[in-house]
Structures are given as structure tokens and as C-alpha cells.
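Structure record follows, encoded as C-alpha cells.
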Amino acid sequence: MSHELGRIEDLPKEYVQDLRDLNLVPLWPSLRGVLPPKIPTRQTKPTHWPYKTIKPLLLKAGELTPIEKAERRVLVLANPGHGLEKMQASAAMYLGMQLLMPSEWAPSHRHTPNAVRMIVEGEGAYTTVDGEKCPMSRGDLILTPTGLWHEHGHDGTDPVIWLDVLDLPLVYYMEASYHINGDRQTVVPGQGDKQYARGGVVPTHVFERSKKAYPMLRYAWTDAKAALQAMAVDNPAQESIQVTYVNPETGEDAENILGFYAMMLRPGQTLRLPARSPAQVFHVIEGSLQAQVVDSTFALVEADTCCAPGYEAVTLKNLSADQPAFLFIADESPLHRKLGVYENRG
Ligand code: 1HN
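Adding 26 to a residue's 1-based position in the sequence shown gives its number in the working numbering.
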């Protein structure tokens, strides 16, 4: 049973103006808009960003804009449903493809939004996060959590490109987004990926517990891929071959707001992901797949990225009959769970 609520036009113009003059607004004309029946209104449109269309334009940006004029040379993957100028992939996720040319330097800063980088192409670049020098290789995931200093350098010979995923839209909406510039960091010995690179065994803190909120900053693709392959071999009947990037000290999600995962689809496999409340982003690390999202069907090849709104099922199909496909997934589920609005509708 739904009945029509009164509209703003149903009210005398002078009355509405009197309210406005006092910074008052009647709720009922807008109530259904902010609280629609049964399912939220989602501005996030299923969108596909093919890498082959982004790469030449990003390399062109490398010619047009020196790094000193950009600080971060990025083309933002903007969702048209939100309006391109909003620079949002979904309500809480920002995506960008970043280019660093050989010998370029993206100076040190820190900020309140959390970021991760998924390395797409090229060797020889590194990012220094909280003093730890993290080499960048294809498929690696590198965290730059809230408040940690980070800067990027490149000792190699070819362009390096990576996908940035940030919770910027949410932190900005909260009026909590700002940055601080810093000096070049002093690199400390050791890398946060080595100590924690074997699942199930973590460093023993006999003398002093690590004070680091984010003990692991680099998740090598070789390790994540090996974990997926082992899971697939170990569980031949298991449908979903997926790992979550976690904080190895707590077992919680690697960052507070967005969740990060790697998935393997067996050769020819079709996998239906249930309709859950968080929006999702899919990025192909290896192989090719089809993603069916609402009314859209995307053919994704290596390094392609697409997004799906929340509350919708997504069907993924590995397009190869003899090779597995590997993908990186980012979603808003840590946020939804912490806020108590997480739903799985099956
Ligand atoms: C940022 O700090 C980086 O450090 C990349 O590489 C993209 C987008 C918005 C705000 C900060 C980076 C960013 C960003």
C-alpha cells in the first residue's frame, strides 16, 4: 500500500518562501526521494573502462603535463551516473589510472583518505610508504592507509601504470578530506611484505608488540596468486576461489573503509555473485572474462576495470576454456558492515 505524499507545488508559494527564509524545508515532498521503497536509489551505473582506451591517453598526459605540474598524473575513472566532475566510481570509491615515467618523482604527502595501488604495467617503480620502500610489479597491491606518508619513484626504463583505489568520495562527503605535503622520506630497512608473506605464521612479539596499525603494506601478486591456485587445487569442488587482503596482525580487512580481494575463475567457469549492498569494482589481472551487471554485459580483457552498483547480483564468466582468469576486486563492505547496513539478498 503506497499513497501519494504531498508535493512542494501543493503548498502556497508564500508559505514555502517563509520556510526557506528561516532555513526550513518540509520533509514530505522529499521523503520518498531519500527513503525509497525496498531498494535504495543508486547513482552508480555499471561502467566499463577498457585499458586499451585509457593507456594512450595516459601516455599523452605524460607528454602534455610534466609531473611537477601534476604531483600525481592520473586519469580518473569517473562514473557517469554520479556526474563525471564528482570523480566517483561509486558512492564511496574513487578509481584512477596513474602514470609514472622513468626517473620521475611524485613527492611525499599524506592525507586522510585511504588508498591502495594495484600495479597494472611496467617494472622499476616503487612507492615509499611510512619509510618502507615497496617495489611495484604487476598485480601487486600496495596500501597507503590514512595518515601515512607516501611518495613514488621510478628507476626503470619504461612507463609504469597503476590503478589507484581510494575512499575519497566518502571521506570528502564527511568533510574530512585534506592532505599535508612532506619532505622526501628516509627509507628504513626492511619491507612490510616479507615478514607476513606466509599465511598462518606471523612474527612473534616476545619483547615488544608492533605498534604499527598497518603492519603489511605490500601484498605481492606472486603470493596472492599462489594462494588462489593452492585453494583451487585443494578444493576441486569449491565454486568461489577468492582471498581477502587482511591485516595479518588482526585478521581484519587491510583498510577500514574499502575491502580488497583477489579471485580466480577456473577455465570456463561461470560464477554468480549474490546481490549484496556494497558496490564493487572488478579489475582483470590475468585472463579475460565476461561480467554481467544489471542490463550490461562487459567483455573484460587484461587490465580492464568495471564497476557494479550495490544490491545487484553480478555474473562473471571466464571466457577461456583452458586458462584460469584472475581478478582484483574492491568493494565497500567494510564500510557497510561497520555502519550496520550490510545486506546479502542472495
Ligand atoms: C593520491 O595521493 C595519490 O598518492 C593518487 O598517488 C591519487 C587521488 C586523490 C587524492 C589523493 C597518490 C589520489 C591521491
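Positions of the beta carbon are idealized from the N, C-alpha and C atoms, including for glycine.
Being a predicted model, the structure only gives us computed values, none of them experimental.
Proximity of the beta carbon of Arg98 to the ligand 1HN is indicated: a heavy atom of the ligand is located closer than 6 Å. Bounds of any alpha helix (DSSP H) do not take in Leu192; it lies within the beta strand (DSSP E) bounded by Val186 to Leu192. Judged by pairs of C-beta atoms under 8 Å, the region 164 to 182 touches the region 240 to 254, as three or more such pairs exist. One thing to note: Leu299 has its Cβ no nearer than 7 Å to the Cβ of Ala351. Here Ile145 is buried. Its C-beta has 16 or more other C-beta atoms within 10 Å.
About 7 Å separates the beta carbons of Pro335 and Pro72, which is inside the 8 Å limit, making them a contact pair. In this structure, Gly165 has its CB at a distance of at least 6 Å from all heavy atoms of the ligand 1HN. Here Gln211 has Ser134, Thr154, Gly157 and Trp175 as same chain residues with Cβ atoms under 6 Å from its own Cβ, once five neighbours each way along the sequence are excluded. For Ser359, there is no enclosing beta strand (DSSP E); the enclosing alpha helix (DSSP H) covers residues Ser359 to Leu365. Contact annotation: the region 94 to 105 touches the region 113 to 132, with at least three C-beta pairs closer than 8 Å. For Gly285, the shortest separation between its Cβ and any heavy atom of the ligand 1HN does not lie below 6 Å. Under the 8 Å Cβ criterion, the region 275 to 293 counts as touching the region 341 to 361, having at least three qualifying pairs. The residues Pro300 and Arg302, in chain order, have a CB closer than 7 Å to that of Asn370 in the same chain once the five nearest residues on each side in sequence are set aside. With three or more CB-CB distances shorter than 8 Å, the region 307 to 327 counts as touching the region 65 to 79. Excluding five sequence positions before and after Ala339, the CB atoms of its chain that fall closer than 7 Å to its own CB belong to Arg298, Leu299, Pro300 and Ala301, given in chain order. Annotation for Pro262: no residue places its beta carbon closer than 8 Å to its own, counting only its chain and skipping 5 residues before and after. In this model, Gly208 and Lys81 are separated by some 30 Å (Cα to Cα). Pairing Ala253 with Ile267 gives a Cβ-Cβ distance that is not under 7 Å.
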